[in-house]
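Below is one structure, written out as structure tokens; comments come after it.
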Amino acid sequence: MSDEKRSYLVAYDINDDRRRNHVAKILQSYGERLQYSVFLLRIRPSKMLRVRDLIESEIDDSSDSVVTCFLGKEEQCRENMLFLGRRGYTDMDIPTVI
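First residue of the sequence shown? That's 418 in our numbering, and the numbers climb one at a time after it.
What follows is the structure, encoded as structure tokens:
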């Protein structure tokens, strides 16, 4: 496998809040959140295997869904992505009253 970074688009539909939060944290540590459940990862293929293993250990195969799309080498991805409207997503910190 090449040592060059590759781009991957990862989207998920996870029913359980705890599992969804764990998967989001995994993806945030390796990439950029584009929308609420969509991430762009620019990582080496070996790291992508690690991300996949981490996600597989979190999800429930019978009810959750995660899709990963290979977008090519890092520079190809930048040239081919088109954003309409606001680019990116910012997590909101919501205060919790206890």
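Yeah, the Cβ is synthetic: ideal placement off N, Cα and C, and Gly gets one too.
Just so it is clear, the structure is predicted and the values come from calculations on it, not from any experiment.
Between residue i and residue j, how many whole angstroms is the CB-CB distance? I'm expecting something under 8 Å.
i, j, result
"tyrosine 425", "leucine 488", "6 Å"
In chain order, what residues of the same chain have a beta carbon less than 6 Å from the beta carbon of residue i, not counting five sequence neighbours either side?
i, result
"arginine 459", "Lys422, Ser424 and Glu491"
"glutamate 449", "Leu457"
"valine 455", "Ala428"
"glycine 502", "none"
Compute the Euclidean distance between the alpha carbons of residue i and residue j, then round it to the nearest angstrom.
i, j, result
"asparagine 438", "isoleucine 472", "11 Å"
"aspartate 433", "aspartate 478", "12 Å"
"alanine 428", "glutamine 452", "9 Å"
"isoleucine 443", "serine 463", "15 Å"
"phenylalanine 517", "glutamine 493", "Nothing about residue 517 can be reported from this structure: the residues present for the chain run from 418 to 515 only."
"glutamine 445", "serine 474", "17 Å"
Rank the options by C-alpha distance to the C-alpha of residue i and give the top, closest one.
i, options, result
"alanine 441", "Ile476, Lys464, Pro462 and Asp420", "Ile476"
Taking Cβ positions, are residue i and residue j nearer each other than 9 Å?
i, j, result
"aspartate 430", "valine 468", "no"
"methionine 498", "threonine 485", "no"
"aspartate 481", "arginine 436", "yes"
Using a Cβ-Cβ cutoff of less than 7 Å, which residues in the same chain neighbour residue i once the five nearest sequence positions on both sides are dropped?
i, result
"aspartate 420", "Arg461"
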